[in-house]
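With our numbering applied, the sequence shown covers 13 to 311.
Beneath this line is the structure, given in structure tokens, with notes to follow.
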Amino acid sequence: MNQKTSNLYSLGYQKYIIILLLIYTEVLARICEEFVEDCVKRGGLCYVETRYCPFLLTDSKCSAEEVLKTILDALSRASKKHGIEVRSILSIMRHMPETAKETLDLAKNYQPHGVVAIDIAGDDSVLKLQRVPEEIVQTFENAKKDNIHRTVHVGENSPARSVYEAVNNLYAERIGHGYHILDDENAYNSLLKSGVHFEVCPSSSFVTGSVDDGNPNNHPVHRFIADKLNFSINTDDPTLTERWDLQEAKYCIEELGIAPDQLNIANYNAAMAAFVTSAERELLISHIKIRSRNRIIKV
Numbered sequence: 013m014n015q016k017t018s019n020l021y022s023l024g025y026q027k028y029i030i031i032l033l034l035i036y037t038e039v040l041a042r043i044c045e046e047f048v049e050d051c052v053k054r055g056g057l058c059y060v061e062t063r064y065c066p067f068l069l070t071d072s073k074c075s076a077e078e079v080l081k082t083i084l085d086a087l088s089r090a091s092k093k094h095g096i097e098v099r100s101i102l103s104i105m106r107h108m109p110e111t112a113k114e115t116l117d118l119a120k121n122y123q124p125h126g127v128v129a130i131d132i133a134g135d136d137s138v139l140k141l142q143r144v145p146e147e148i149v150q151t152f153e154n155a156k157k158d159n160i161h162r163t164v165h166v167g168e169n170s171p172a173r174s175v176y177e178a179v180n181n182l183y184a185e186r187i188g189h190g191y192h193i194l195d196d197e198n199a200y201n202s203l204l205k206s207g208v209h210f211e212v213c214p215s216s217s218f219v220t221g222s223v224d225d226g227n228p229n230n231h232p233v234h235r236f237i238a239d240k241l242n243f244s245i246n247t248d249d250p251t252l253t254e255r256w257d258l259q260e261a262k263y264c265i266e267e268l269g270i271a272p273d274q275l276n277i278a279n280y281n282a283a284m285a286a287f288v289t290s291a292e293r294e295l296l297i298s299h300i301k302i303r304s305r306n307r308i309i310k311v
């Protein structure tokens with residue numbers, strides 16, 4: 013191969029890579045745009061915090077930062093089009109602790125563009141036998157110092173200890189799921205008093221098997237209601253449960269026997285726990301109060 017041929021080959025290869033990159037980013041953008049549309053039309057939402065791990069979407073052609081830029085740009089465009097506020101939470105996967113520091117760096121750098129927090133996600137059953145990797149622990153300590161919000165998926169399939177440690181060692185402001193905190197009354201009462209927020213996902217909890225579906229009346233949410241725990245109702249993954257926010261509310265009322273007034277309280281709790289500014293929170297609470305009655309009736 014002569015130099016001219018080599019150069020032409022190189023240019024052709026570069027064009028091929030650019031085309032693949034454009035196709036990939038277009039697909040990501042389309043997914044984001046459809047997600048936002050569904051949040052409004054199927055979920056009836058005015059505000060949403062979506063979470064994802066940029067490192068799970070990378071390949072040789074697209075870095076985590078490029079993925080994040082693509083997603084944030086698409087979410088911004090779609091949110092303006094559909095009249096909804098959208099924020100992003102960047103997840104650190106438990107099996108990818110080496111990405112923890114860079115995830116925090118991305119969260120800090122892209123705060124002005126809608127990133128509001130970091131999260132830990134992935135199979136939490138591993139916490140039955142092991143502790144959270146030190147890289148992740150250090151990252152959450154740094155996040156607290158840098159005033160980056162923190163939430164942790166835990167207690168779905170892991171013991172009560174892991175939920176307690178997420179709050180006390182990782183400085184989690186919110187707990188994703190957390191059902192197995194009820195396995196330790198002392199730990200539960202401690203977190204109950206602390207006021208930490210629990211992101212309860214009823215439909216998902218049955219689908220994943222984290223809660224026994226034999227008797228819906230035994231779902232942890234009933235204990236949370238009785239004890240006035242700070243919690244909200246969430247969908248977790250509508251593509252898995254086939255229930256968006258309005259359908260989740262209907263399920264809670266008709267299948268779990270949760271009173272509509274209690275769902276209104278859960279929505280208020282969600283607004284109070286949202287990673288927003290004080291001014292944004294006031295607007296969100298006002299919006300929830302205006303729509304709460306219609307939202308429950310029209311599920």
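Think of the CB as a built atom: it goes at the ideal place given N, C-alpha and C, for glycine as much as any other residue.
Asked, Found
"Selection from Asp131, Cys74, Arg106 that minimises the alpha carbon distance to Arg186", "Asp131"
"Residue nearest to Glu146 in terms of C-alpha spacing, selected from Val208, Tyr36, Ala112, Ala199", "Ala112"
"Classification of Asp225 by the beta-carbon crowding that lies within 10 angstroms, buried from 16 upward", "exposed"
"Any non-hydrogen atom of the ligand HEM within 7 Å of Ala86 CB", "Although the ligand HEM was asked about, the structure shown includes no ligands whatsoever."
"Cβ-Cβ separation, Pro272 to Ile245 (assumed contact under 8 Å), whole Å", "Actually they are not in contact, since the Cβ atoms of Ile245 and Pro272 sit about 12 Å apart, beyond 8 Å."
"Rounded distance between the beta-carbons of Glu61 and Ile96, thought under 8 Å", "At roughly 12 Å, the Cβ-Cβ gap does not stay under 8 Å, so Ile96 and Glu61 are not in contact."
"Best match in Arg106, Lys120, Glu168 for proximity to Asp248 [C-alpha to C-alpha]", "Glu168"
"Val288 burial status per 10 Å Cβ neighbour count (16 or more: buried)", "buried"
"First through last residue of the alpha helix (DSSP H) which encompasses Thr151", "146-157"
"Enclosing alpha helix (DSSP H) for Leu87 [first to last residue]", "76-94"
"Closest residue to Tyr263 among Asn159, Ile237, Pro228 (Cα-Cα distance)", "Pro228"
"Three-state secondary structure (DSSP) of Tyr36", "helix"
"Closest by C-alpha distance to Phe236, when choosing among Asp136, Leu80, His209", "His209"
"Cut-off 7 Å between Cβ atoms - residues of its own chain near Gly98, not counting five sequence neighbours on either side", "This sequence places Val at residue 98; Gly is not what is there. Taken in chain order, the residues that qualify are Val48, Val60, Thr62, Leu87, Ser91, Gly126."
"Rounded C-alpha distance that separates Ile43 from Glu266", "31 Å"
"Of the listed residues Ala184, Asp239, Ser170, Arg173, nearest to Asn159 (C-alpha basis)", "Ala184"
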